[in-house]
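Notes follow the structure.
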């Protein structure tokens, strides 16, 4: 796992700093993929994102083994909620 502080402003390139895209390409060329961003920094003047810490992991990292977004229990709960909402909507339509 590698964590990089990444600036999002193009004018930093003139100061000899790599761009955000340069860093992402470099990491990819070395067998890493972007995993998550943490600790974003926003400009006080307009709340625009100006920096964040990017977490990169190896392409074959154990953190990437599970490809689904939900556990089986979460899928079942979401299905039950969706069905309950549909029943409520059907009852409202018949009133």
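Residue numbers (the numbering used here): 5 to 99. Even glycine gets a Cβ: it sits at the ideal position worked out from N, Cα and C.
Quick check: the Cα distance between residue 78 and residue 21, rounded to an integer number of angstroms?
Here residue 78 refers to the residue found at position 74 of the chain shown. Here residue 21 refers to the residue found at position 17 of the chain shown. In a straight line, the C-alpha of residue 78 is about 43 angstroms away from that of residue 21.
For residue 37, which option in 7, 94, 81 has the closest C-alpha, if you only look at C-alpha atoms?
To locate residue 37, count along the chain shown from 1; it is residue 33. Nearest of 7, 94, 81 to residue 37, Cα basis: 7.
Along the chain, which unbroken stretches of the beta strand (DSSP E) at least 3 residues long are found entirely within the region 26-67?
36-46, 53-62
With H, G and I counted as helix, E and B as strand and the rest as coil, what does DSSP make of residue 70?
Counting from 1 along the chain shown, the entry for residue 70 is found at position 66. Coil.
Whole angstroms is fine: what's the gap from residue 40's alpha carbon to residue 60's?
Residue 40 sits at position 36 when you count from the first residue of the chain shown. Residue 60 sits at position 56 when you count from the first residue of the chain shown. The alpha-carbon atoms of residue 40 and residue 60 are separated by roughly 7 angstroms.
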